[in-house]
Amino acid sequence: MGLLSTILGLWGFGVGITFGLLIGYYLFIYFQPSDVQDPVIRPLVEQDTETLQRLLPEIPLWVKNPDYDRLDWLNKFIETMWPYLDKAICKTAKDIAQPIIAEQIPKYKIDSVEFETLTLGTMPPTFQGMKVYITDDKELIMEPVLKWAGNPNITVAAKAFGLRATVQVVDLQVFASPRITLKPLVPTFPCFAKILVSLMEKPHVDFGLKLLGADAMSIPGLYRFVQELIKDQVANMYLWPKTLEVPILDPTKALKRPVGVLNVKVVRATKLKKKDLLGASDPYVKLKLTEDKLPSKKTTVKRKNLNPEWNEEFDLVVRDPASQALEVDVYDWEQVGKHDMMGVNAVPLKDLTPDEPQVLTLDLLKSLDTGAAQNEKSRGQIVLELTYKPFKGEIPNEDEDSGAVENAPDGTPDGGGLLVIIVHEAQDLEGKHHTNPHVRLLFRGEERRTKPVKKNRDPRWDEEFQFMLEEPPTNDRVHVEVVSASSRMGLLHPKESLGYVDINLSDVVSNKRINENYNLIDSKNGRIQIEMQWRTSSR
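One rule links them: number in the working numbering = place in the sequence shown (from 1) + 573.
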């Protein structure tokens, strides 16, 4: 009886499965739901901006935002130079870190801390785009977007109480948007006095951390804690408006304006000591002002002559006659190899009487060190005629900020200010049916317009619009659209858009002034120059 029940059960299970599959297949084929519709396929060119950004989140910024420029050339340069940059950066990091480590480890009773391995890996960082601001304030502001998903290997070994521990950092990812400001711009190479670096938002930092060979980030809660701690610490130090300042030049010296001209006439030299074993020397003179980065002035070479006469004149620009001096070097020209110095001397400009020619006979010395014993040996003399000619009249102060932002008028609300938008000009506009452009501004529901310019692809307006606000427009945008209206009373194509751009106002509030050319969206080559100012009652 038990065997029969088992056989009938298996037979019933097999029949049930078979009938179930047949009925399911029949229902799936012949009883489809009626509310299911075929998907709509649309070309990407027909999608709006928000849809494209949602569908393609990783497209570069220069595609999504026309204000960002492509940096393919820079990425290619970094990729080619990365093996050498890696070694140079790591060496610099070691040189900076080792003195700091040596100073700090005695406080914590640690015997030593050293880098076992330090390499940034084979994958260089890439720049997704860069935005450049023009502010007319003798500064250059750049905002690159940096992404680095690298494979560095950084291993640090620490020894204490006879024990040794290693910490290894691997698989580092850094996404950041720094703001780099070069200011002030000066006429001395490298043409800026300092670099200011700050972060516009908290950076994304992700990495693996191995402690004694084990993955420390696998500890529950530690990964999130370390990530947030790094973000907060970096933000506290460098998040805008806080900055990291790197001095390059002394701005007090770099910004000094020319105050006069020193005319130097190299007359002759006498009783020079020969440097060549065979025959006489071939002397020439180099002239240079101290604290000046410009190349030295040189006379012609007098062949085989120990008493040469030049009678050659040179003009040198003077910036600080109280501290600068004229340095005179006499060299022996050599066709092959280094030129030998025959003697040197210097004349402080403060010893010269303005506008009065002075003829000086200088003894040539071994060096400008007055205490050197070798300076007692005779090396000949050089005769110079010097005339310092200071500039006459008042010299305009080039350092004054001629483009300073004005204060807001009386009656401005406390905490608020005056937003000023100046529409300067547009270039390369092109309408399909007509090009009679005017600009339409839309801000907080309020619309302003410039006057139309008829039949002009490069119009200029220079019109100013003002908006009195009770609070800074940090999170606002202004919509700028160039519109062409038909000059005739025609019903066909009365108006058409020549392009538009939406401008974030947070940068205007931060910088007080922005004067920039914007690429127009929906325009082939159109650009528009907009200047914006944020005026407050106190700067």
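From the three backbone atoms N, C-alpha and C, an ideal C-beta is built for every residue, glycine too. Bear in mind the structure is a predicted one, so any value in this text is a computation, not a measurement.
Sorting P656, V956, L938, Y641 by C-alpha distance to the C-alpha of K950 places L938 at the top.
In the three-state scheme derived from DSSP, where H, G and I count as helix and E and B as strand, A853 is classed as coil.
No residue range can be given for F964, since it is assigned to no beta strand (DSSP E) and is classified by DSSP as neither H nor E. In the displayed model, P921 falls within a strand according to three-state DSSP. In the three-state reduction of the DSSP assignment, T863 falls in the coil class. Non-local beta-carbon contacts of D659 in its own chain, meaning distances under 7 Å to residues more than five positions away in sequence, involve T692, L693 in chain order. For E676, no beta strand (DSSP E) encloses it; the enclosing alpha helix (DSSP H) starts and ends at 645-677.
Counting only residues of its own chain and dropping the five nearest sequence neighbours on each side, M773 has a CB closer than 6 Å to the CB of S750, R752, W813. Below 8 Å, too few C-beta pairs join the region 1024-1035 and the region 1075-1084 to call them touching: fewer than three. Taking all protein chains in view, the Cβ of K704 is crowded by 16 or more other Cβ atoms within 10 Å, so the residue is classified as buried.
Cβ-Cβ distances below 8 Å link D928 to T960, Y961, K962, P963 in the same chain, with the five nearest sequence neighbours on each side left out; the list follows chain order. Take L784, set aside five residues on each side of it, and the residues of its chain with a beta-carbon closer than 7 Å to its own are V740, in chain order. Per DSSP, R1108 is one residue of the beta strand (DSSP E) stretching across 1100-1108. Taking the Cα of P1045 as reference, the smallest distance to any Cα among R1017, P725, V932, H1052 is reached at R1017. Under DSSP, R752 forms a beta bridge with S771. C-alpha of P757 to C-alpha of A731: approximately 43 Å in a straight line.
Separation of I707 and N1090 (C-alpha to C-alpha, rounded to the nearest whole angstrom) is 9 Å. Taken atom to atom, the span from the alpha-carbon of W646 to that of K838 is near 49 Å. Annotation: the continuous alpha helix (DSSP H) that includes V807 extends over 795-811. Every beta strand (DSSP E) stretch that sits fully inside the region 677-742 and reaches 3 residues is listed by chain position as 685-692, 699-707, 713-722, 726-733. DSSP places N1084 outside any beta strand (DSSP E); the residue lies instead in the alpha helix (DSSP H), whose first and last residues are 1079-1084. A Cβ-Cβ separation of about 10 Å leaves V917 out of contact with V858 under the 8 Å criterion.
Counting the other Cβ atoms within 10 Å of the Cβ of P881 gives 16 or more, which makes it buried.
Counting other Cβ atoms within 10 Å of its Cβ, L1093 reaches 16 or more and is therefore classed as buried.
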